[in-house]
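Asks: Here the sequence shown stands for residues 18 to 437, where the numbers follow this note's numbering.
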Amino acid sequence: MIFYKKRLLLQRAAVALPVAILVLPFLLQCSQLGLTSDPEDNSAALLLAALAGGGSSAALGEEYSGGETTRFDSTVNAFDLPAANIINNISRVIQFQDGNAIFNRGWVQAPAAAFDGLGPVFNRSSCRGCHVRDGRGRPPEGSESDFNSMLFRLSKSGSDPVTGGPLALDSYGTQLQDKAITGVTAEGSVNTPISYTENPDTFPDGEAYSLRSPNYSFNWNFGTPSDLKYSPRVAPAVFGLGLLEAIPESTILSWADPSDNNGDGISGKANYVYDHATGSATLGRFGWKANQPNLNQQNQGAFHGDMGITSSLFSTENCASGQTDCSSSPSGNSGNPFEVSLSNTNLVSIYDHLIAVPGRRDWTDPEVVQGKAKFNEIGCASCHIPEVTTGNLPGFPELSNQVIRPYTDLLLHDMGSGLA
Numbered sequence: 018m019i020f021y022k023k024r025l026l027l028q029r030a031a032v033a034l035p036v037a038i039l040v041l042p043f044l045l046q047c048s049q050l051g052l053t054s055d056p057e058d059n060s061a062a063l064l065l066a067a068l069a070g071g072g073s074s075a076a077l078g079e080e081y082s083g084g085e086t087t088r089f090d091s092t093v094n095a096f097d098l099p100a101a102n103i104i105n106n107i108s109r110v111i112q113f114q115d116g117n118a119i120f121n122r123g124w125v126q127a128p129a130a131a132f133d134g135l136g137p138v139f140n141r142s143s144c145r146g147c148h149v150r151d152g153r154g155r156p157p158e159g160s161e162s163d164f165n166s167m168l169f170r171l172s173k174s175g176s177d178p179v180t181g182g183p184l185a186l187d188s189y190g191t192q193l194q195d196k197a198i199t200g201v202t203a204e205g206s207v208n209t210p211i212s213y214t215e216n217p218d219t220f221p222d223g224e225a226y227s228l229r230s231p232n233y234s235f236n237w238n239f240g241t242p243s244d245l246k247y248s249p250r251v252a253p254a255v256f257g258l259g260l261l262e263a264i265p266e267s268t269i270l271s272w273a274d275p276s277d278n279n280g281d282g283i284s285g286k287a288n289y290v291y292d293h294a295t296g297s298a299t300l301g302r303f304g305w306k307a308n309q310p311n312l313n314q315q316n317q318g319a320f321h322g323d324m325g326i327t328s329s330l331f332s333t334e335n336c337a338s339g340q341t342d343c344s345s346s347p348s349g350n351s352g353n354p355f356e357v358s359l360s361n362t363n364l365v366s367i368y369d370h371l372i373a374v375p376g377r378r379d380w381t382d383p384e385v386v387q388g389k390a391k392f393n394e395i396g397c398a399s400c401h402i403p404e405v406t407t408g409n410l411p412g413f414p415e416l417s418n419q420v421i422r423p424y425t426d427l428l429l430h431d432m433g434s435g436l437a
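1. Taking residue 103 as the reference, which of 84, 93 and 288 has the closest Cα?
2. Tell me which residue opens and which closes the alpha helix (DSSP H) that residue 170 is part of.
3. Would residue 387 be called buried (16 or more neighbouring beta carbons within 10 Å of its own) or exposed?
4. If I measure Cβ to Cβ from residue 96 and keep anything under 8 angstroms in the same chain, skipping five residues before and after, which residues do I get?
5. Within 10 angstroms of its Cβ, does residue 432 collect 16 or more other Cβ (buried), or is it exposed?
6. Using DSSP with H/G/I as helix, E/B as strand and the rest coil, what is residue 432?
7. Should the region 322-332 be regarded as contacting the region 106-120, the criterion being three or more beta carbon pairs within less than 8 angstroms?
8. Check whether the Cβ atoms of residue 229 and residue 219 sit closer than 8 angstroms, and answer yes or no.
9. Mapping DSSP to helix, strand and coil, what is residue 150?
10. Using DSSP with H/G/I as helix, E/B as strand and the rest coil, what is residue 420?
11. If we ignore side chains and look at the alpha-carbon of each, how far apart do residue 144 and residue 247 end up?
12. DSSP state of residue 207, grouped into three classes?
13. DSSP state of residue 314, grouped into three classes?
14. Kindly confirm or deny that the region 75-95 and the region 347-363 touch, where touching means at least three C-beta pairs closer than 8 angstroms.
15. Determine the DSSP secondary structure at residue 13, reduced to helix, strand or coil.
16. The beta strand (DSSP E) spanning residue 213 covers which residue range?
17. Do you know offhand how far residue 393's Cα is from residue 135's?
18. Of the residues 154, 204 and 286, which one's Cα is nearest the Cα of residue 192?
19. Just the C-alpha distance for residue 396 and residue 272, rounded to the nearest angstrom, thanks.
20. Would you please state the rounded distance, in angstroms, between the beta carbons of residue 300 and residue 423? I believe it to be under 8 angstroms.
21. Can you name, in chain order, every residue of its own chain whose Cβ lies under 8 angstroms from the Cβ of residue 408, other than the five neighbours on each side?
22. Our contact map puts residue 428 next to residue 286 with C-beta atoms below 8 angstroms; I'd like the distance itself, whole angstroms only.
23. Please report the straight-line C-alpha distance between residue 270 and residue 302, rounded to a whole angstrom.
24. Exposed or buried, which one is residue 50 when buried takes at least 16 other CB atoms within 10 Å?
25. Could you have a look at residue 271 and say whether DSSP puts it in helix, strand or coil?
26. Can you give me the C-alpha to C-alpha distance between residue 354 and residue 148, rounded to a whole angstrom?
27. Inspect the CB distances between the region 171-182 and the region 281-296 and report whether three or more fall short of 8 angstroms.
28. Ends of the alpha helix (DSSP H) at residue 109?
29. Thinking just about the alpha-carbon of each residue, which of 399, 154, 126 and 357 is nearest to the one in residue 277?
30. By DSSP's criteria, residue 372 is part of a beta bridge. Which residues make up the other side?
31. Could you check where the alpha helix (DSSP H) with residue 410 kicks off and where it finishes?
32. Indicate the three-state DSSP secondary structure (helix, strand or coil) for residue 145 in the structure shown.
33. By DSSP, does residue 300 sit in helix, in strand, or in coil?
34. Got a sec, what are the start and stop residues for the alpha helix (DSSP H) residue 393 sits in?
35. Out of 185, 187 and 208, which one is the CA nearest neighbour of residue 195?
36. Kindly confirm or deny that the region 313-320 and the region 355-370 touch, where touching means at least three C-beta pairs closer than 8 angstroms.
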């Protein structure tokens, strides 16, 4: 039996002192018998939560957002740590670190000795360029002019005849690449600073509020498109994604209610998307609109769309029709089929599957507990699912059968024109 570090014992004692006093001698005895292990092992912390959790209306183990993968760290590295339940597995940690190194690596223009093949058109030169320390991005603010962690999806009316997804915009494709390698013209840019329109209104009780909507304008280098649809996308955080992939499809579908048959006013629906590995429609989970079926395709799509790096799933250069200097640029594969090898995409996949989920803070604070009660009372938990148990994810026993707190249903919801 393994028990967690003293800090968490003291946290539990603060909210359940009588029980902690009873448990403490038992813990000390275990320590003397050599039954303690690495302080980041959470398996017995969850047991301790069960033993000492009676003094608060917070749920038992609620602070373990990622189950046994959870890490408690409030430093700048909080989103960039290996899952707690792999840190005693040296080979797994090495795979994690190797994947992290590729995630951080800046790619360069071909030809070069290694990690070449950037572009010809691209948005950033590394995964970390958008996902800074694995956290979420933001739009440029004030006088900032670079969209460092934000991009724009592009499309025109209709749907792709093969994938069923958005139809690529003539001369530009499905994403605006605002950077290019030497000798190649970037596709365009977005004007800054961004202006915002305030949309004031009032709640039913008379309280005033205002929603602000951004106003975007573009500079196009291959002609102004006549039929343009665009969607701004801020880079999401990347921790905990492996746990989302481990949620059984049947569980996600049980949450779906596209016709609102239960009359609660919520109509989440599953999004089926094209799986490039199988050539079939598969449940979407990742991306702002559940437009990717799994992390492998999400990662390779980002290599291709964000950095211009070819891979096993996306093996042709990301050059839209009419971009002749893009199409004639040298490849960075050095004779290999793809610019990022299958082994390297596998390492990146292991890395972003196994990034630790940060533990919750202040979960026993009375105001937090009161807010949680309101959250449930007004129906937020109908979409933002507070707790679910993962299934068996092949290749990732660390993520299988974990009780997690994801606060998502991985479904599509129509939020109305004011929000989406």
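Quick reminder that beta carbons are idealized off the backbone N, C-alpha and C, glycines included.
Replies: So, from the listed chains and residues:
1. As a position in the sequence shown, residue 103 is number 86, starting the count at 1. It is 84 whose Cα lies nearest to the Cα of residue 103.
2. The count along the sequence shown starts at 1 and reaches residue 170 at position 153. Careful: residue 170 lies outside any alpha helix (DSSP H), inside the beta strand (DSSP E) at 167-176.
3. For the purposes of this step, residue 387 is taken as residue 370 along the sequence shown, with counting starting at 1. Answer is exposed; the Cβ neighbour count stays below 16.
4. By one-based count along the sequence shown, residue 96 stands at place 79. The answer, listed in chain order, is 150, 151, 152, 254, 255, 256, 372 and 375.
5. If you number the sequence shown from 1, residue 432 lands on position 415. Looking at its Cβ environment, which holds fewer than 16 other Cβ atoms inside 10 Å, residue 432 is exposed.
6. Against the sequence shown, residue 432 aligns to sequence position 415. It is coil, neither helix nor strand.
7. no
8. Locating residue 229 in the sequence shown gives position 212, where the first residue counts as 1. Locating residue 219 in the sequence shown gives position 202, where the first residue counts as 1. Contact: no.
9. Position 133 of the sequence shown holds residue 150. Residue 150: helix per DSSP, three-state reduction.
10. Within the sequence shown, residue 420 is the residue found at index 403, counting from 1. The answer is strand: DSSP assigns residue 420 an E or B state.
11. Residue mapping note: residue 144 aligns to position 127 of the sequence shown, counting from 1. Residue mapping note: residue 247 aligns to position 230 of the sequence shown, counting from 1. Each residue's alpha carbon lies about 22 angstroms from the other.
12. What you label residue 207 is simply residue 190 of the sequence shown in a count that begins at 1. Three-state DSSP puts residue 207 in a strand.
13. Numbered from 1 along the sequence shown, position 297 holds the residue referred to as residue 314. In this structure, residue 314 counts as helix in the three-state DSSP scheme.
14. Taking 8 angstroms as the limit for Cβ pairs, the verdict is that the region 347-363 does not touch the region 75-95.
15. Shown here, the chain extends from 18 to 437; a query on residue 13 therefore has no answer.
16. For the purposes of this step, residue 213 is taken as the residue at position 196 of the sequence shown. Where residue 213 is concerned, the enclosing beta strand (DSSP E) stretches over 212-219.
17. Within the sequence shown, residue 393 is the residue found at index 376, counting from 1. Within the sequence shown, residue 135 is the residue found at index 118, counting from 1. If I take the Cα positions, the gap works out to 47 angstroms.
18. On the sequence shown, position 175 is the one that residue 192 refers to. Among 154, 204 and 286, the Cα nearest to that of residue 192 belongs to 204.
19. Numbered from its first residue, the sequence shown carries residue 396 at position 379. Numbered from its first residue, the sequence shown carries residue 272 at position 255. Roughly 14 angstroms separates the two Cα atoms.
20. The sequence position of residue 300 within the sequence shown is 283, counting from 1. The sequence position of residue 423 within the sequence shown is 406, counting from 1. That belief does not hold up - the Cβ atoms of residue 300 and residue 423 are roughly 15 angstroms apart, past 8 angstroms.
21. Taking the first residue of the sequence shown as position 1, residue 408 is located at position 391. Once the five neighbours on either side are set aside, the close Cβ partners of residue 408 are 263, 264, 265, 268, 417 and 418.
22. For this step, residue 428 is matched to residue 411 along the sequence shown. For this step, residue 286 is matched to residue 269 along the sequence shown. Indeed they touch by this definition, with Cβ atoms about 6 angstroms apart.
23. On the sequence shown, position 253 is the one that residue 270 refers to. On the sequence shown, position 285 is the one that residue 302 refers to. The straight-line gap from Cα to Cα measures roughly 12 angstroms.
24. Position 33 of the sequence shown, counted from the first residue, corresponds to residue 50. Note that residue 50 has pLDDT 38, beneath the 50 cutoff, so the model's placement of it is unreliable and the number below is only indicative. Burial call: exposed.
25. By one-based count along the sequence shown, residue 271 stands at place 254. Here residue 271 sits in helix by DSSP.
26. What you label residue 354 is simply residue 337 of the sequence shown in a count that begins at 1. What you label residue 148 is simply residue 131 of the sequence shown in a count that begins at 1. The alpha-carbon atoms of residue 354 and residue 148 are separated by roughly 27 angstroms.
27. yes
28. Sequence index remark: in the sequence shown, residue 109 carries index 92 (1-based). From DSSP, the alpha helix (DSSP H) with residue 109 extends over 107-121.
29. One-based indexing of the sequence shown puts residue 277 at position 260. Per the Cα distances, 399.
30. Translated into positions along the sequence shown, residue 372 becomes position 355. Partner(s): 99.
31. The count along the sequence shown starts at 1 and reaches residue 410 at position 393. Element bounds for residue 410: n/a, residue is neither H nor E.
32. Taking the first residue of the sequence shown as position 1, residue 145 is located at position 128. Of the three classes helix, strand and coil, the one that applies to residue 145 here is helix, per DSSP.
33. For this step, residue 300 is matched to residue 283 along the sequence shown. Reduced to three states, the DSSP call for residue 300 is strand.
34. Taking the sequence shown and counting its residues from 1, the one referred to as residue 393 is at position 376. From DSSP, the alpha helix (DSSP H) with residue 393 extends over 383-394.
35. In the sequence shown, the residue the question calls residue 195 occupies position 178. Of the listed residues, the one whose Cα sits closest to residue 195 is 208.
36. Taking 8 angstroms as the limit for Cβ pairs, the verdict is that the region 355-370 does touch the region 313-320.
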